[in-house]
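Below is one structure; the comments refer to it alone.
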Amino acid sequence: MSEPRSEPRDTARIFYANIIDSVGDGVLALDAAGLVTLMNPAAEEITGVSRRQAVGNPFAAVFRGEQLLTEMVEKTATTGMTISDHENVVLKKAGHTTPVSATTSPLLLESGERVGTILVLRDLGNIRDLERAVRQADRLSALGTLAVGLAHEIKNPLGGIKGAAQLLEQELPEESELRDYTRVMIKEVRRVNRIVEELLELASPRKLELGRVNIHKILGDILVLQKRAAGREITFRQQFDPSIPPILADEALLTQLFLNLIKNAVEAVGELGTVQVASRVVSDYSMSHNWERRSRMVAVEVSDDGPGMVKEQLEHLFTPFFTTKAKGTGLGLAICQKIVSEHRGMIKVDSDPGHGTTFTVMLPLIQ
Ligand SMILES: Nc1ncnc2c1ncn2[C@@H]1O[C@H](COP(=O)(O)OP(=O)(O)OP(=O)(O)O)[C@@H](O)[C@H]1O
Ligand SMILES: [Mg+2]
């Protein structure tokens, strides 16, 4: 049996349906009674509600938890006004919140008669992440200029102090108690030197030494070393996706990145706890709304069941010198963030006070 020839009306309908489905913003249409009549794929993705769940049902029932949205829809339906909110709407889906900008407008016939409401949603999650990254980069570059100058100034006198302490040590008799003091001086100078070097590294641009890197080997090696150094009461778990191929990256930098994260996790659990490192491929993660250009990423999660962090702590996490540790420099995570962005990746943190912390690093899967 042959397909019925599509009528011109049908062709137009398919044409418009394709347009709506291809729009990167979420589009929902409601009829005059408030029932959902149309929902495009972007709306499904943004809201976490499927077309099947929504179409034919009252908007207010489907989106019961989203009070702000239902209020906007109701107001447009009763007054015919267009309402936009780019700041306040936050959708709750699957335990996560997504900031969105929302616009509701009346659906009008050619005659001007109002027959329903249109709701357009734009996911601001990526934009907010980017804004945050840009703010952080600004802060870093301002700090960078200052730091490079300061670091160079500090390095020379530091060399002098270390040399003098070493000379002093040589002059003192083997059994002198004063040698303890010179040893402390030399040790602390080394510490300051390390901070200065890390700061210089953080502030200066550099060229990546790219090669094919086996992430699991890096992670495995770090875990072996940390296991040996840590107490027996810390459990280390690894959960690697064996299908992840070697990726194009700078091996030394990735080692530094994951070492910093795993060390933080070990330090967070203290005497007793679990540190877990897992890898997986994230195929649906995308920085753009363009479906075709979805890139595949490798996600590495470093989790611990330590004390977790409160909101104020999370806000300053990547700021250089932010530390809550007596012996910390507070540069570890700032360096991590620099390495991740040099690899065009993303780093994010989820933390629950009392329950632990997970850092997720996403790197492009380029082979
Ligand atoms: N897994 C974690 N759990 C709880 N808090 C963490 C975790 N990772 C980092 N932090 C918090 O973030 C702060 C900054 O971490 P960062 O690695 O930048 O510096 P640091 O660990 O304090 O010092 P350094 O890395 O130079 O030794 C830490 O002092 C700690 O308060
Ligand atoms: Mg650290």
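Under my numbering, residues 1 to 367 are what the sequence shown spells out, in order.
Don't be surprised by glycine CBs; every beta carbon is placed ideally from N, CA and C.
Confirm, please, whether the CB-CB distance from residue j to residue i is below 8 Å.
i: V148; j: A203; result: yes
i: V298; j: S279; result: yes
i: L119; j: V192; result: no
i: T47; j: K75; result: no
i: I83; j: T70; result: no
i: L272; j: I234; result: yes
i: A249; j: L210; result: yes
i: A102; j: V90; result: no
i: G354; j: P320; result: no
Does ligand 1 have a heavy atom nearer than 7 Å to the CB of residue i?
i: A77; result: no
i: F322; result: yes
i: Q276; result: no
i: Q256; result: no
i: L253; result: no
i: L259; result: no
i: K325; result: yes
i: T104; result: no
Kindly indicate the opening and closing residues of the beta strand (DSSP E) around residue i.
i: T323; result: Careful: T323 lies outside any beta strand (DSSP E) and carries neither H nor E.
i: V90; result: 90-93
i: H343; result: No beta strand (DSSP E) contains H343, which DSSP labels as neither H nor E.
i: P364; result: 356-364
i: Q239; result: 234-239
i: Q276; result: 273-282
i: L369; result: Nothing about residue 369 can be read from this structure; the chain reaches only from 1 to 367.
Relative to ligand 2, is the shortest distance from any of its heavy atoms to the C-beta of residue i smaller than 7 Å?
i: G328; result: yes
i: K338; result: no
i: G332; result: yes
Quick check: what's the CA-CA separation for residue i versus residue j?
i: D284; j: A164; result: In this prediction, D284 scores a pLDDT of 48, lower than 50, which makes its location untrustworthy; the coordinate-derived value is nonetheless stated afterwards. Using only the alpha carbons, I get a separation of about 59 Å.
i: P205; j: R114; result: 58 Å
i: E44; j: G65; result: 16 Å
i: R212; j: E342; result: 16 Å
i: I339; j: Q136; result: 14 Å
i: D241; j: R296; result: 14 Å
i: V269; j: L261; result: 13 Å
i: R179; j: L150; result: 31 Å
i: T78; j: G56; result: 20 Å
i: A142; j: R132; result: 16 Å
i: S111; j: V23; result: 26 Å
i: M346; j: A54; result: 33 Å
i: T145; j: R139; result: 10 Å
Starting from residue i, trace the alpha helix (DSSP H) in both directions and tell me its first and last residue.
i: E71; result: 67-79
i: P205; result: Neither: P205 is in no alpha helix (DSSP H) and is coded neither H nor E.
i: Q53; result: 51-54
i: G220; result: 215-229
i: Y254; result: The amino acid occupying residue 254 in the given sequence is Leu; Tyr does not appear at that position. 251-269 is the span of the alpha helix (DSSP H), which, as asked, contains L254.
i: V62; result: 59-62
i: S176; result: S176 -> no alpha helix (DSSP H), and no H or E assigned at all.
So residue i packs on residue j, CB below 8 Å; how close in whole Å?
i: L331; j: L199; result: 7 Å
i: I366; j: I247; result: 6 Å
i: I186; j: K162; result: 6 Å
i: I218; j: T255; result: 5 Å
i: V184; j: L158; result: 15 Å between Cβ atoms; not a contact.
i: D31; j: G95; result: Not quite, the Cβ-Cβ distance comes to about 31 Å (not below 8 Å), so this is no contact.
i: R237; j: T274; result: 6 Å
i: T26; j: A12; result: As written in the sequence, residue 26 is Gly, which differs from the Thr given in the question. About 23 Å; that fails the 8 Å criterion.
Quick one: does the C-beta of residue i sit closer than 7 Å to a heavy atom of ligand 4?
i: K263; result: Ligand 4 is not among the ligands present in this structure, which contains only ligand 1 and ligand 2.
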